[in-house]
Amino acid sequence: MNFDSFFQQRPPSEQQDAFKEFEATELYCPNCKRAVPVRQRLLLILPDGDEYEYLCAFCSTSVGTKIVRNNKPFHIITG
Ligand SMILES: [Zn+2]
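Residue -7 is where the sequence shown starts when you use our numbering, and the numbers rise one by one after that.
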């Protein structure tokens, strides 16, 4: 889901509600010098998971990345 296009299609009052979901994920932005709500952006698709980049919702500075491992069943059979 592309959050940029999602927000552009929403009137401002609904944007405010949508941002509540982001409050759980706040990271420190060195540019804003405070904890900020972040936008998640898919950065890389890795063999064992997806790497996401977090962007400050205010200034779009990158404030961190996270790798979400795939949860598909995976068994290593040794011997
Ligand atoms: Zn910022």
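Yeah, the Cβ is synthetic: ideal placement off N, Cα and C, and Gly gets one too.
Ligand 1 and T17: does the residue's C-beta get closer than 7 Å to at least one heavy atom of that ligand?
No; taking the cut-off as 7 Å, the Cβ of T17 has no heavy atom of ligand 1 nearer than that.
Distance cut 7 Å, beta-carbon to ligand 1 heavy atom: residue list by chain order
Any heavy atom of ligand 1 counts here; residues with a Cβ closer than 7 Å to one of them, in chain order, are C21, N23, C24, V28, C48, F50, C51 and T53.
Starting from the C-beta of C21, find all residues in its chain whose C-beta is less than 6 Å away, skip the five residues before and the five after it, and write them out in chain order.
So the qualifying residues of the chain are V28, C48, T53 and V55.
Does DSSP put C24 in a helix, in a strand, or in coil?
Of the three classes helix, strand and coil, the one that applies to C24 here is coil, per DSSP.
Using 8 Å as the threshold, is the C-beta distance between D40 and V60 below it?
No, these two residues do not count as a Cβ contact at 8 Å.
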